[in-house]
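Asker: Okay, so the sequence shown: first residue is 14 according to this note's numbering, each after it adds one.
Glycine residues also receive a C-beta, built at the ideal position from the N, C-alpha and C atoms.
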Amino acid sequence: MKDLITQMVCTISNEKCFIGECDKCPTESITDILTDNNMIDLDDECSWNLWKKVNNKFDLQQMSGSTDSLLTEIEERWSPFLLHTHINREQREYIKELRCQSTEKTFVVAQIDFSMNYTLVRQREVQQGFFSQHQVTLFTIHLTIGKEQRNLAVISDYMEHTTVFVHCVQKILTQFIKKNFPLVKKVNYVSDGACAHFKNNASILNLIHHKIDFDLDACWTFTATGHGKGAGDGIGAVLKSTARRVTRSKNILMSNAKDFYEFTQKQQLETARRSNKDIPGVHVFFLESDEVEEAKKSYLQARSEKLR
Numbered sequence: 014m015k016d017l018i019t020q021m022v023c024t025i026s027n028e029k030c031f032i033g034e035c036d037k038c039p040t041e042s043i044t045d046i047l048t049d050n051n052m053i054d055l056d057d058e059c060s061w062n063l064w065k066k067v068n069n070k071f072d073l074q075q076m077s078g079s080t081d082s083l084l085t086e087i088e089e090r091w092s093p094f095l096l097h098t099h100i101n102r103e104q105r106e107y108i109k110e111l112r113c114q115s116t117e118k119t120f121v122v123a124q125i126d127f128s129m130n131y132t133l134v135r136q137r138e139v140q141q142g143f144f145s146q147h148q149v150t151l152f153t154i155h156l157t158i159g160k161e162q163r164n165l166a167v168i169s170d171y172m173e174h175t176t177v178f179v180h181c182v183q184k185i186l187t188q189f190i191k192k193n194f195p196l197v198k199k200v201n202y203v204s205d206g207a208c209a210h211f212k213n214n215a216s217i218l219n220l221i222h223h224k225i226d227f228d229l230d231a232c233w234t235f236t237a238t239g240h241g242k243g244a245g246d247g248i249g250a251v252l253k254s255t256a257r258r259v260t261r262s263k264n265i266l267m268s269n270a271k272d273f274y275e276f277t278q279k280q281q282l283e284t285a286r287r288s289n290k291d292i293p294g295v296h297v298f299f300l301e302s303d304e305v306e307e308a309k310k311s312y313l314q315a316r317s318e319k320l321r
């Protein structure tokens, strides 16, 4: 794929090359390049896989038709793909540069994301128990401070993934930063563009009030669509897999979010102690649902109503 893109553009870092506005780029189409010097019968039958939206859900569909139909499909989708590739590359390099520039005296980079809710299972549970399982909200944060890194996880019994919840997590995060890195002046958040809790009007409004709310400046960088994976996914995977393995193999009961938090915090501290480390691999915090509701009712709801 990289070879194809290189043949289509003259400068890999020039946006005009990726939106078709560069006069110096090759004039060959993607179809010309794919068929060049190849003995291809356009009437030959072939099959290919294509992600398509069916009933408001994306599914991988197997398509079949002539080679000409396949080339037409590629031609139609090539321009959006080319632009998406450029945006993804530029965003990735920009975020990489941010991490290199961060220091203990300037700003930190906080990559944040919701992990998939953890389902609390019990060893040898009865069949009816499967239909009454409880879940836990898990929010992950990967901090980059110069050459140092910190992993944080916020566990909660509040089950809605909302902007209000993210704001409450930001309070926990900024308190952690001011305690452990008191010279830091700014937080640069990095996240995907999920509109339910990150990329929306209320979230940007909260960002404007960040200095007032938390006494730290802030900005926000969004990754390219569909490319928000990061270290936070590993944090969530480690915590959930550890809890699941222990629950299945030992007589340990986790019935609610508080139990999951207490187990995870204890496990992280014990692991750090056995490894002779001063800090745990993951700093674990608990966020009460009442605290989220209180923040919503006391000032966030009134703030968001200004947008209407």
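Short check: CB of Gly243 to CB of His174, under 8 Å?
Answerer: Cβ distance not < 8 Å, so Gly243 and His174 don't count as in contact.
Asker: In this structure, how does DSSP classify Asn214 when only helix, strand and coil are distinguished?
Answerer: Helix at Asn214.
Asker: Determine the extent of the alpha helix (DSSP H) in which Ala250 is found, giving its start and end residues.
Answerer: Ala250 -> alpha helix (DSSP H) spans Ala244 to Ser262.
Asker: Do you know offhand how far Asp57's Cα is from Asn50's?
Answerer: If I take the Cα positions, the gap works out to 17 Å.
Asker: I'd like to confirm something about Leu156: is its beta-carbon nearer than 7 Å to some heavy atom of the ligand FMN, or not?
Answerer: In terms of ligand content, the structure shown is empty, and the ligand FMN therefore cannot be addressed.
Asker: Looking at Phe298: is its Cβ nearer than 8 Å to the Cβ of Lys271?
Answerer: Result no, Cβ atoms of Phe298 and Lys271 do not sit closer than 8 Å.
Asker: If I follow the unbroken beta strand (DSSP E) through Leu165, where does it start and stop?
Answerer: It spans Glu161 to Ser169 - the beta strand (DSSP E) in which Leu165 sits, taken as one unbroken run.
Asker: Mapping the DSSP letters down to three states, classify Met129 as helix, strand or coil.
Answerer: Reduced to three states, the DSSP call for Met129 is strand.
Asker: Would you report the Cα separation of Gly245 and Ser204, rounded to the nearest angstrom?
Answerer: Spanning the two alpha carbons is a distance of roughly 10 Å.
Asker: DSSP has Asn62 in a bridge; who is on the other side?
Answerer: Asn62 is bridged to Gln75.
Asker: Taking the continuous alpha helix (DSSP H) assigned at Leu203, which residues delimit it?
Answerer: Note that residue 203 is Val in the sequence shown, not Leu. Note, Val203: premise wrong, no alpha helix (DSSP H); beta strand (DSSP E) at Lys199 to Ser204.
Asker: Checking 8 Å against the spacing of the C-beta atoms, do Phe71 and Val149 come in under that value?
Answerer: No, they are not a contact pair.
Asker: Nearest to Ala123 by CA position, among Leu55, Glu318, Thr236 and Ile265, is which residue?
Answerer: The option with the nearest alpha carbon to Ala123 is Thr236.
Asker: Going by alpha carbons, who is nearest to Phe227 out of Ile185, Leu17, Trp61 and Thr44?
Answerer: Measuring from the Cα of Phe227, the nearest candidate turns out to be Ile185.
Asker: If I follow the unbroken alpha helix (DSSP H) through Leu95, where does it start and stop?
Answerer: Leu95 -> alpha helix (DSSP H) spans Thr80 to Gln114.
Asker: Out of curiosity, what's the CA-to-CA distance linking Asp170 and Asn264?
Answerer: Whole-angstrom Cα-Cα distance: 23 Å.
Asker: In angstroms, rounded to a whole number, what distance separates the CA positions of Asn130 and Glu304?
Answerer: Each residue's Cα considered, the two are about 19 Å apart.
Asker: Lys192 to Leu96, Cα distance in whole Å?
Answerer: Roughly 42 Å between the two C-alpha positions.
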